[in-house]
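Peer 1: Protein chains in written order, with the numbering used here: chain A, 157 to 276; chain B, 1413 to 1791.
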Amino acid sequence: MKILICDDDEALVSMVRFKLSRENLGEVVKAMDGREAKMLLRENDFDLIITDIHMPFHSGLEITTFIRQELGKDTPIIVLSAEGLEQTVLEAFEMGANDFITKPFSPAELAVRVRRILKK
Amino acid sequence: MLSQCIESITSSYFGLAPGPFLALNVTLVFLSGAMILIAGIFASRILKSRHKKLADSLRFQYQKILNKIVVNEMYSEGRTADAAFEFYMGELRLYSGTSSLARQLLLSQILENKKNLTGNSATVLVKTYYALSLQNESCKKLKAFKWQEKALAIREFAEMNHAQSIPLIEHYLYSGKQNLREECLMALVRLEEKPLSFLDHYKGEISKWMRINIYRFLQNTDTRRLPVFSRYFNHSNLSVRLFCISMARRFKQSSSLPGLLDLIYSDNAQVVGLAVSALGDLDAYQYRHEIARLANHVWRFEKLSRKVVACLGKIGDPETDVGLVGKFLGHPCYPVRFEAVSALKKLGSHGEKYLHDFNLNSNQNIKPLLRHFSEPLLN
Chain A
157 MKILICDDDE ALVSMVRFKL SRENLGEVVK AMDGREAKML LRENDFDLII TDIHMPFHSG
217 LEITTFIRQE LGKDTPIIVL SAEGLEQTVL EAFEMGANDF ITKPFSPAEL AVRVRRILKK
Chain B
1413 MLSQCIESIT SSYFGLAPGP FLALNVTLVF LSGAMILIAG IFASRILKSR HKKLADSLRF
1473 QYQKILNKIV VNEMYSEGRT ADAAFEFYMG ELRLYSGTSS LARQLLLSQI LENKKNLTGN
1533 SATVLVKTYY ALSLQNESCK KLKAFKWQEK ALAIREFAEM NHAQSIPLIE HYLYSGKQNL
1593 REECLMALVR LEEKPLSFLD HYKGEISKWM RINIYRFLQN TDTRRLPVFS RYFNHSNLSV
1653 RLFCISMARR FKQSSSLPGL LDLIYSDNAQ VVGLAVSALG DLDAYQYRHE IARLANHVWR
1713 FEKLSRKVVA CLGKIGDPET DVGLVGKFLG HPCYPVRFEA VSALKKLGSH GEKYLHDFNL
1773 NSNQNIKPLL RHFSEPLLN
């Protein structure tokens, strides 16, 4: 399994990578901004994408639209954001996200959700 | 004497006249000055880049250990967990040593992680903070000269639930720097056993930013821990009074209804307006007569008229208050007329009938208002 995590918060990316690797959920690749995420998405196939909303260059919602519309892929997407407003959550789901997690969150909960999505 | 001396030296050694020699000297001095400056800049850059490298490498090491601590949440009970935790603390101590800089970096890395985490993972980071006595670093920061450092220290205490620091934090409640005051206030809200008990003696201003932040914090607090806001309705500080009325309204504290009723007779228009809105939001039907009486006296005040009309739309009697609300359709201010349309609509069939009749009798001059009201994008 190959998971892409897109977030500009290094501490968070490091912690999520560690947690998911520890749970044997697969290889975790990181992208620190929207541009890097798009580049990786064009060149690789991922089994799951975890993305923050607020990132430099392209937002997580733009990434979601990019995956669904430009790449035409149905790869599961988990949106991770500090902004838990109803409007934002609905927008994320409308754009094709499969799950939404509000920060702060529990790494254990994230692992459970990832496992459920990957059906491992 | 000096000029003679220079003259003799220049003529005997260099064969130069004193004028060009002086110019040469000045140039040399400037050149060497510039060289020293450039060297200084280079040295400072090298030092900065070394410092950054060191900081990055320390952060990386800290993060590796913090990941293990955070993810170890599964074993949060039992001896194995304690032993593992102690081991990680030992590792962190080894990296941070006694250097204040290294310890500050560790502290900032812990905070950076904690902001994204909840549950056991966040708790274990707080435990780490105390196990490594990082509260001493926060104390040092609190004594710093820069207010930004002080604010950071206060935030650290609040994040780490360091209740013992309340007396130290209270010291900055009336600081000249607004940001520091606000940080201080937020920390007190988070740290005090009974949230907002500092309001008893608070003499400062509660800004909008603070109101929003306090409200957001209180939203996640057990409602049983919330104070009875009506006890502050007669506070000597107007800012506290206004804040507590809006909190009583937000948290739907029905016990504050009698207090709110008293406030509609206040001599401060802001207090009256907020109290009226609160009574409307709290569905205080029993006080509709008082609000109706007040409606007869607020015509001259636009904002107050809007609030009273809105309140009557919520708690007014559809049969008796329709005429009173309807009067405001002739108010000179558009927002009041608009609010009156909204209130009449809320009063059900009686209100609708009143609007229909008014529209016919007034030669359809409220038609644009009705159109505005039914256009969601304009509301």
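For every residue, glycine included, the Cβ atom is placed at its ideal position computed from N, Cα and C.
So, do the stretch 1537–1546 of chain B and the stretch 176–190 of chain A have three or more beta carbon pairs nearer to each other than 8 Å?
Peer 2: no
Peer 1: Closer than 8 Å, CB to CB, is V1483 of chain B near chain A or not?
Peer 2: yes
Peer 1: Identify whether T1633 of chain B lies in helix, strand or coil by the three-state DSSP scheme.
Peer 2: It is coil, neither helix nor strand.
Peer 1: Which residue marks the beginning of the alpha helix (DSSP H) containing K1552 of chain B, and which one marks its end?
Peer 2: Q1547 to L1554
Peer 1: Got a sec? Which residues, its chain only, sit under 6 Å from P232 of chain A by beta carbon, not counting five neighbours each side?
Peer 2: L204, N254 and I273
Peer 1: Would you mind telling me which residues of chain B sit closer than 9 Å to D165 of chain A, beta carbon to beta carbon, in chain order?
Peer 2: E1524, K1527 and N1528
Peer 1: Would you call A1681 of chain B buried or exposed, if buried means 16 or more other Cβ atoms sit within 10 Å of its Cβ?
Peer 2: exposed
Peer 1: Below 8 Å on C-beta distance, what does N1479 of chain B contact in chain A?
Peer 2: When 8 Å is used as the limit between beta carbons, N1479 of chain B is near these residues of chain A: S170, M171, F174 and K175, in chain order.
Peer 1: If you draw a straight line from the C-alpha of R1380 of chain B to the C-alpha of A1707 of chain B, how long is it?
Peer 2: Nothing can be reported for residue 1380 of chain B, as the shown portion of chain B is limited to 1413 through 1791.
Peer 1: Applying the criterion that 16 or more other CB atoms from any shown protein chain within 10 Å of the CB defines a buried residue, is G1445 of chain B buried or exposed?
Peer 2: exposed
Peer 1: How would you list, in chain order, the residues of chain A whose beta-carbon sits under 8 Å from the beta-carbon of S1533 of chain B?
Peer 2: S262, P263 and A264
Peer 1: Residue range of the beta strand (DSSP E) that D302 of chain A falls in?
Peer 2: Because residue 302 of chain A is not part of the residues shown, which for chain A are 157 to 276, the question remains open.
Peer 1: If you compare alpha carbons, which of B:M1659, B:V1720 and B:S1619 is closest to D1794 of chain B?
Peer 2: Outside the shown range of chain B, which is 1413 to 1791, sits residue 1794 of chain B, and nothing can be said about it.
Peer 1: Go ahead and pull the three-state DSSP assignment for K1589 of chain B.
Peer 2: coil
Peer 1: Would you report the Cα separation of L1724 of chain B and L1759 of chain B, rounded to the nearest angstrom?
Peer 2: As the crow flies, the alpha-carbon of L1724 of chain B is around 9 Å from that of L1759 of chain B.
Peer 1: Just tell me which of B:E1764, B:A1690, B:F1645 and B:N1625 has its CA closest to the CA of F1663 of chain B.
Peer 2: Considering only B:E1764, B:A1690, B:F1645 and B:N1625, the residue with the shortest C-alpha distance to F1663 of chain B is B:A1690.
Peer 1: Put V172 of chain A into one of helix, strand or coil per three-state DSSP.
Peer 2: For V172 of chain A, the secondary structure class from DSSP, reduced to helix, strand or coil, is helix.
Peer 1: Using only CA atoms, which one of A:L197, A:E226 and A:L181 lies nearest to M157 of chain A?
Peer 2: A:L181
Peer 1: Pick out whichever of B:C1656, B:P1639, B:P1579 and B:A1534 has its Cα sitting closest to the Cα of I1481 of chain B.
Peer 2: Minimum Cα distance to I1481 of chain B is reached at B:A1534.
Peer 1: Exposed or buried, P263 of chain A, counting other C-beta atoms within 10 Å across all chains shown (16 or more means buried)?
Peer 2: buried
Peer 1: Cutting at 6 Å between CB atoms, please list the residues of its own chain near R191 of chain A, excluding the five before and the five after it.
Peer 2: F213
Peer 1: Would you mind stating whether I266 of chain A and F202 of chain A have Cβ atoms separated by less than 8 Å?
Peer 2: The residue you asked about is not Ile; residue 266 of chain A is Leu in the sequence shown. Cβ distance not < 8 Å, so L266 of chain A and F202 of chain A don't count as in contact.
Peer 1: What residues in the stretch 1546–1558 of chain B have a beta carbon less than 9 Å from any beta carbon of chain A?
Peer 2: none
Peer 1: Compare the Cα-Cα distances from I1657 of chain B to each of B:S1667, B:F1645, B:N1649 and B:S1666 and report the closest residue.
Peer 2: B:F1645
Peer 1: Go through its chain and collect everything with a Cβ distance to C1745 of chain B's Cβ below 7 Å, but skip five positions before and after it.
Peer 2: E1714
Peer 1: Where does F1557 of chain B sit, in a helix, a strand or coil, going by DSSP?
Peer 2: coil
Peer 1: Please work out which residues of its chain come closer than 6 Å, Cβ to Cβ, to E166 of chain A, disregarding the five sequence neighbours upstream and downstream, and give them in chain order.
Peer 2: none
Peer 1: Does I1778 of chain B come out as helix, strand or coil in the three-state DSSP assignment?
Peer 2: coil
Peer 1: Looking at the structure shown, is D230 of chain A part of a helix, part of a strand, or coil, going by DSSP?
Peer 2: coil
Peer 1: Return yes when the Cβ of I1477 of chain B is within less than 8 Å of the Cβ of E1503 of chain B, no when it is not.
Peer 2: yes
Peer 1: Round the Cβ separation of P1607 of chain B and T1633 of chain B to the nearest angstrom and send it over; I've been treating them as touching at under 8 Å.
Peer 2: 6 Å
Peer 1: DSSP puts F261 of chain A in a beta bridge; with which residues?
Peer 2: The partner list for F261 of chain A (beta bridge, DSSP) reads B:L1529.
Peer 1: Hey, A248 of chain A and V268 of chain A are a contact pair by Cβ (cut 8 Å); roughly how many whole angstroms apart?
Peer 2: Not confirmed; about 19 Å, so no contact.
Peer 1: With 8 Å as the threshold, decide whether the Cβ of Q1560 of chain B is near any Cβ in chain A.
Peer 2: No, no contact with chain A.
Peer 1: According to DSSP, L204 of chain A sits in a beta bridge with which residue or residues?
Peer 2: A:I159
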